[in-house]
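Numbering (the working numbering), first residue to last: 1 to 274.
Virtual Cβ for every residue (Gly too), placed ideally from N, Cα, C.
And the structure:
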(Lines of atoms letter the chains of each structure in order from A; the text may use other names.)
(Lines give C-alpha, C1' and ligand atoms only; values in the text may rest on other atoms or scores of the structure.)
Protein backbone atom coordinates (compact mmCIF):
# COMPACT_ATOMS: atom_id res chain seq x y z
CA UNK A 1 0.00 0.00 0.00
CA UNK A 2 1.39 3.38 -1.01
CA UNK A 3 1.80 6.03 1.66
CA UNK A 4 -1.23 6.86 3.77
CA UNK A 5 -3.64 4.76 1.70
CA UNK A 6 -6.69 5.45 -0.45
CA UNK A 7 -8.31 8.85 -0.86
CA UNK A 8 -11.51 9.13 -2.85
CA UNK A 9 -11.80 12.06 -5.20
CA UNK A 10 -15.49 12.81 -4.88
CA UNK A 11 -15.88 13.34 -8.62
CA UNK A 12 -15.84 9.53 -8.73
CA UNK A 13 -19.33 9.47 -7.19
CA UNK A 14 -20.58 12.90 -8.21
CA UNK A 15 -23.62 11.57 -10.02
CA UNK A 16 -24.71 9.33 -7.14
CA UNK A 17 -24.47 11.63 -4.10
CA UNK A 18 -23.95 15.18 -2.99
CA UNK A 19 -20.87 15.91 -0.89
CA UNK A 20 -22.47 15.18 2.48
CA UNK A 21 -23.89 11.85 1.35
CA UNK A 22 -20.59 10.92 -0.27
CA UNK A 23 -18.77 11.64 2.98
CA UNK A 24 -21.22 9.39 4.84
CA UNK A 25 -20.58 6.64 2.30
CA UNK A 26 -16.81 6.96 2.70
CA UNK A 27 -17.16 6.52 6.43
CA UNK A 28 -19.41 3.52 5.87
CA UNK A 29 -16.76 1.87 3.69
CA UNK A 30 -13.77 2.76 5.87
CA UNK A 31 -12.25 5.38 3.55
CA UNK A 32 -10.32 7.92 5.60
CA UNK A 33 -9.66 10.69 3.09
CA UNK A 34 -11.46 12.60 0.34
CA UNK A 35 -10.86 15.29 -2.27
CA UNK A 36 -13.98 17.35 -3.04
CA UNK A 37 -14.56 19.54 -6.07
CA UNK A 38 -15.50 23.19 -5.71
CA UNK A 39 -18.90 22.77 -7.33
CA UNK A 40 -19.71 19.95 -4.89
CA UNK A 41 -18.75 22.18 -1.99
CA UNK A 42 -20.77 25.11 -3.37
CA UNK A 43 -23.84 22.92 -3.78
CA UNK A 44 -24.08 22.14 -0.05
CA UNK A 45 -22.36 25.32 1.16
CA UNK A 46 -18.76 25.78 2.29
CA UNK A 47 -19.50 25.71 6.03
CA UNK A 48 -21.71 22.62 5.73
CA UNK A 49 -19.08 20.84 3.63
CA UNK A 50 -16.30 21.64 6.08
CA UNK A 51 -18.45 20.54 9.00
CA UNK A 52 -19.43 17.26 7.34
CA UNK A 53 -15.82 16.38 6.57
CA UNK A 54 -14.58 17.37 10.01
CA UNK A 55 -17.37 15.58 11.88
CA UNK A 56 -16.63 12.43 9.87
CA UNK A 57 -12.96 12.61 10.89
CA UNK A 58 -11.78 12.55 7.29
CA UNK A 59 -8.55 13.98 5.93
CA UNK A 60 -8.67 16.06 2.73
CA UNK A 61 -5.90 15.13 0.29
CA UNK A 62 -6.60 18.04 -2.05
CA UNK A 63 -9.15 20.51 -3.32
CA UNK A 64 -10.21 20.44 -6.98
CA UNK A 65 -9.72 22.62 -8.71
CA UNK A 66 -8.00 25.97 -9.05
CA UNK A 67 -6.60 27.42 -12.24
CA UNK A 68 -8.11 28.35 -15.59
CA UNK A 69 -5.90 31.43 -15.62
CA UNK A 70 -6.00 31.97 -19.38
CA UNK A 71 -8.48 34.46 -20.85
CA UNK A 72 -8.88 36.60 -23.93
CA UNK A 73 -8.63 39.92 -22.09
CA UNK A 74 -7.24 41.51 -18.95
CA UNK A 75 -10.63 41.54 -17.22
CA UNK A 76 -11.00 37.81 -17.69
CA UNK A 77 -7.52 37.15 -16.38
CA UNK A 78 -8.16 39.29 -13.29
CA UNK A 79 -11.45 37.51 -12.67
CA UNK A 80 -9.58 34.21 -12.74
CA UNK A 81 -7.02 35.51 -10.24
CA UNK A 82 -9.78 36.71 -7.91
CA UNK A 83 -11.53 33.35 -8.16
CA UNK A 84 -8.31 31.52 -7.36
CA UNK A 85 -7.77 33.62 -4.26
CA UNK A 86 -11.24 32.54 -3.11
CA UNK A 87 -10.36 28.94 -3.93
CA UNK A 88 -7.37 29.08 -1.60
CA UNK A 89 -9.56 30.40 1.20
CA UNK A 90 -12.07 27.61 0.62
CA UNK A 91 -9.30 25.01 0.73
CA UNK A 92 -8.15 26.36 4.08
CA UNK A 93 -11.70 26.16 5.43
CA UNK A 94 -12.13 22.50 4.50
CA UNK A 95 -8.65 21.56 5.70
CA UNK A 96 -7.17 20.52 2.36
CA UNK A 97 -3.53 19.47 2.09
CA UNK A 98 -3.19 21.33 -1.22
CA UNK A 99 -5.15 22.93 -4.06
CA UNK A 100 -4.93 21.03 -7.35
CA UNK A 101 -4.57 23.24 -10.44
CA UNK A 102 -5.81 22.73 -13.99
CA UNK A 103 -4.16 25.80 -15.40
CA UNK A 104 -6.19 26.63 -18.52
CA UNK A 105 -5.88 26.15 -22.28
CA UNK A 106 -5.72 28.54 -25.18
CA UNK A 107 -7.97 31.59 -24.84
CA UNK A 108 -10.83 31.73 -27.32
CA UNK A 109 -9.56 32.77 -30.73
CA UNK A 110 -5.88 32.35 -29.84
CA UNK A 111 -3.23 30.09 -31.35
CA UNK A 112 -0.41 31.48 -29.20
CA UNK A 113 0.39 28.72 -26.72
CA UNK A 114 3.46 30.55 -25.48
CA UNK A 115 1.37 33.56 -24.50
CA UNK A 116 -1.11 31.25 -22.76
CA UNK A 117 1.69 29.70 -20.73
CA UNK A 118 2.84 33.16 -19.72
CA UNK A 119 -0.69 33.96 -18.53
CA UNK A 120 -0.53 30.86 -16.37
CA UNK A 121 2.80 31.86 -14.86
CA UNK A 122 1.50 35.39 -14.23
CA UNK A 123 -1.65 34.01 -12.63
CA UNK A 124 0.28 31.86 -10.20
CA UNK A 125 2.60 34.74 -9.36
CA UNK A 126 -0.45 36.85 -8.48
CA UNK A 127 -1.84 34.34 -5.97
CA UNK A 128 1.34 32.86 -4.55
CA UNK A 129 1.84 35.37 -1.74
CA UNK A 130 -1.68 34.72 -0.46
CA UNK A 131 -1.21 30.96 -0.70
CA UNK A 132 2.03 31.17 1.27
CA UNK A 133 0.40 33.34 3.92
CA UNK A 134 -2.34 30.70 4.25
CA UNK A 135 0.21 27.85 4.25
CA UNK A 136 -1.72 26.29 1.36
CA UNK A 137 0.47 24.43 -1.18
CA UNK A 138 -0.36 24.79 -4.87
CA UNK A 139 -0.19 21.52 -6.85
CA UNK A 140 0.30 22.05 -10.59
CA UNK A 141 -1.26 19.16 -12.50
CA UNK A 142 -0.05 18.52 -16.04
CA UNK A 143 -2.80 17.20 -18.29
CA UNK A 144 -2.51 14.95 -21.32
CA UNK A 145 -1.61 16.94 -24.46
CA UNK A 146 -5.09 16.32 -25.86
CA UNK A 147 -6.27 19.00 -23.41
CA UNK A 148 -3.78 21.71 -24.44
CA UNK A 149 -6.35 23.57 -26.49
CA UNK A 150 -9.05 23.95 -23.87
CA UNK A 151 -7.91 22.86 -20.41
CA UNK A 152 -4.18 22.91 -19.79
CA UNK A 153 -1.15 24.27 -21.59
CA UNK A 154 0.97 22.30 -19.12
CA UNK A 155 1.21 18.90 -20.77
CA UNK A 156 4.19 17.19 -19.17
CA UNK A 157 5.51 16.71 -15.70
CA UNK A 158 8.72 18.43 -16.81
CA UNK A 159 6.78 21.58 -17.77
CA UNK A 160 4.95 21.59 -14.45
CA UNK A 161 8.19 21.15 -12.53
CA UNK A 162 9.88 23.91 -14.51
CA UNK A 163 7.10 26.29 -13.53
CA UNK A 164 7.18 25.12 -9.92
CA UNK A 165 10.93 25.71 -9.85
CA UNK A 166 10.37 29.25 -11.12
CA UNK A 167 7.60 30.00 -8.65
CA UNK A 168 9.45 28.46 -5.71
CA UNK A 169 8.29 27.79 -2.17
CA UNK A 170 4.69 26.70 -1.71
CA UNK A 171 4.32 25.01 -5.09
CA UNK A 172 4.72 21.49 -6.40
CA UNK A 173 2.97 19.02 -8.68
CA UNK A 174 0.04 16.65 -8.75
CA UNK A 175 0.94 13.48 -10.64
CA UNK A 176 -2.12 11.96 -12.28
CA UNK A 177 -1.33 8.63 -13.92
CA UNK A 178 -4.14 9.12 -16.45
CA UNK A 179 -2.45 12.21 -17.85
CA UNK A 180 1.25 11.31 -17.72
CA UNK A 181 1.54 7.54 -18.15
CA UNK A 182 2.57 7.88 -21.81
CA UNK A 183 5.54 10.21 -21.18
CA UNK A 184 8.92 8.58 -21.96
CA UNK A 185 10.53 10.92 -19.42
CA UNK A 186 8.09 10.06 -16.64
CA UNK A 187 10.42 8.02 -14.44
CA UNK A 188 13.15 10.64 -14.56
CA UNK A 189 10.74 13.49 -13.91
CA UNK A 190 9.14 11.72 -10.95
CA UNK A 191 12.62 11.26 -9.51
CA UNK A 192 13.31 14.96 -10.10
CA UNK A 193 10.08 15.89 -8.34
CA UNK A 194 11.01 13.71 -5.41
CA UNK A 195 14.42 15.31 -5.03
CA UNK A 196 12.78 18.73 -4.94
CA UNK A 197 10.11 17.65 -2.45
CA UNK A 198 7.53 18.70 -5.03
CA UNK A 199 5.14 15.74 -5.16
CA UNK A 200 2.02 17.08 -3.48
CA UNK A 201 -0.57 14.65 -4.83
CA UNK A 202 -0.80 11.35 -6.67
CA UNK A 203 -3.94 10.37 -8.62
CA UNK A 204 -4.87 7.06 -10.24
CA UNK A 205 -7.41 5.59 -12.63
CA UNK A 206 -6.89 3.79 -15.96
CA UNK A 207 -6.76 4.52 -19.69
CA UNK A 208 -9.28 2.44 -21.60
CA UNK A 209 -8.73 1.16 -25.13
CA UNK A 210 -10.72 2.29 -26.95
CA UNK A 211 -11.58 5.49 -25.11
CA UNK A 212 -15.00 6.74 -26.16
CA UNK A 213 -14.78 10.18 -24.55
CA UNK A 214 -11.49 11.92 -23.81
CA UNK A 215 -12.87 13.60 -20.69
CA UNK A 216 -15.58 11.32 -19.33
CA UNK A 217 -14.43 7.77 -20.07
CA UNK A 218 -11.75 7.07 -17.49
CA UNK A 219 -11.35 3.47 -16.45
CA UNK A 220 -11.28 1.74 -13.10
CA UNK A 221 -7.79 0.68 -12.10
CA UNK A 222 -6.90 -2.60 -13.80
CA UNK A 223 -9.33 -2.16 -16.69
CA UNK A 224 -6.95 -0.29 -19.00
CA UNK A 225 -3.37 -0.11 -20.23
CA UNK A 226 -1.57 1.96 -17.57
CA UNK A 227 1.12 0.09 -15.65
CA UNK A 228 0.03 1.48 -12.30
CA UNK A 229 2.27 -0.73 -10.13
CA UNK A 230 5.34 0.47 -12.06
CA UNK A 231 4.39 4.13 -11.68
CA UNK A 232 3.61 3.53 -8.02
CA UNK A 233 7.12 2.14 -7.62
CA UNK A 234 8.63 5.27 -9.16
CA UNK A 235 6.55 7.50 -6.89
CA UNK A 236 7.50 5.49 -3.81
CA UNK A 237 11.18 5.56 -4.79
CA UNK A 238 10.90 9.34 -5.12
CA UNK A 239 9.90 9.50 -1.46
CA UNK A 240 6.19 10.26 -1.70
CA UNK A 241 4.31 9.00 1.34
CA UNK A 242 0.98 10.75 0.91
CA UNK A 243 -2.46 9.60 -0.17
CA UNK A 244 -3.21 7.77 -3.41
CA UNK A 245 -6.28 9.46 -4.80
CA UNK A 246 -8.74 7.60 -7.03
CA UNK A 247 -10.32 10.02 -9.51
CA UNK A 248 -12.65 8.56 -12.14
CA UNK A 249 -14.87 10.47 -14.58
CA UNK A 250 -17.09 7.84 -16.17
CA UNK A 251 -20.35 9.13 -17.61
CA UNK A 252 -21.45 5.92 -19.30
CA UNK A 253 -20.20 3.36 -16.78
CA UNK A 254 -19.25 4.07 -13.17
CA UNK A 255 -21.43 7.15 -12.77
CA UNK A 256 -24.41 4.96 -13.70
CA UNK A 257 -23.74 2.36 -11.02
CA UNK A 258 -24.63 2.53 -7.36
CA UNK A 259 -22.25 4.61 -5.32
CA UNK A 260 -21.65 1.77 -2.89
CA UNK A 261 -20.64 -0.53 -5.74
CA UNK A 262 -18.25 2.09 -7.08
CA UNK A 263 -16.57 2.59 -3.72
CA UNK A 264 -16.28 -1.14 -3.06
CA UNK A 265 -14.67 -1.59 -6.47
CA UNK A 266 -12.29 1.33 -5.88
CA UNK A 267 -11.12 -0.28 -2.65
CA UNK A 268 -10.71 -3.72 -4.25
CA UNK A 269 -8.82 -2.39 -7.27
CA UNK A 270 -6.67 -0.09 -5.16
CA UNK A 271 -5.48 -3.12 -3.23
CA UNK A 272 -5.09 -5.36 -6.28
CA UNK A 273 -4.06 -3.14 -9.19
CA UNK A 274 -2.29 -0.08 -7.81
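Helix, strand or coil for residue i, going by three-state DSSP, please let me know.
i           : result
residue 37  : strand
residue 144 : coil
residue 45  : coil
residue 219 : strand
residue 22  : helix
residue 131 : helix
residue 202 : strand
residue 240 : coil
residue 197 : coil
residue 94  : helix
residue 170 : coil
residue 163 : helix
residue 65  : strand
residue 5   : strand
residue 245 : strand
Use the C-beta contact count for residue i: other C-beta atoms within 10 angstroms, 16 or more gives buried, fewer gives exposed.
i           : result
residue 271 : exposed
residue 254 : buried
residue 258 : exposed
residue 224 : buried
residue 24  : exposed
residue 182 : exposed
residue 284 : This structure cannot speak to residue 284, because the chain is shown only from 1 to 274.
residue 9   : buried
residue 261 : exposed
residue 16  : buried
Name, in chain order, the residues that DSSP records as bridge partners for residue i.
i           : result
residue 176 : 203
residue 84  : Answer is none; residue 84 lacks a bridge partner.
request  = Count the CB pairs spanning the stretch 162-178 and the stretch 208-217 that are closer than 8 Å, and state whether there are at least three.
outcome  = With the cut-off at 8 Å, the stretch 162-178 and the stretch 208-217 do not touch.
inquiry  = Count Cβ pairs between the stretch 173-187 and the stretch 215-233 that sit closer than 8 Å; are there 3 or more?
reply    = The stretch 173-187 makes contact with the stretch 215-233: 3 or more CB pairs, one atom from each, lie closer than 8 Å.
task = Determine, using beta-carbon pairs with one atom in the stretch 46-54 and one in the stretch 69-82, whether at least three such pairs fall under 8 Å.
result = No, the stretch 46-54 is not in contact with the stretch 69-82.
request  = Could you tell me whether the stretch 237-245 touches the stretch 189-202, using the rule of 3 or more Cβ pairs below 8 Å?
outcome  = Yes: at least three Cβ pairs fall under 8 Å.
The stretch 150-164 contacting the stretch 105-113, beta-carbon criterion three pairs below 8 Å = Taking 8 Å as the limit for Cβ pairs, the verdict is that the stretch 105-113 does touch the stretch 150-164.
message = Could you check whether the stretch 87-97 touches the stretch 33-42, counting it as contact only if at least three pairs of C-beta atoms, one from each stretch, sit closer than 8 Å?
response = Between the stretch 87-97 and the stretch 33-42, the count of Cβ pairs shorter than 8 Å is three or higher; the stretches touch.
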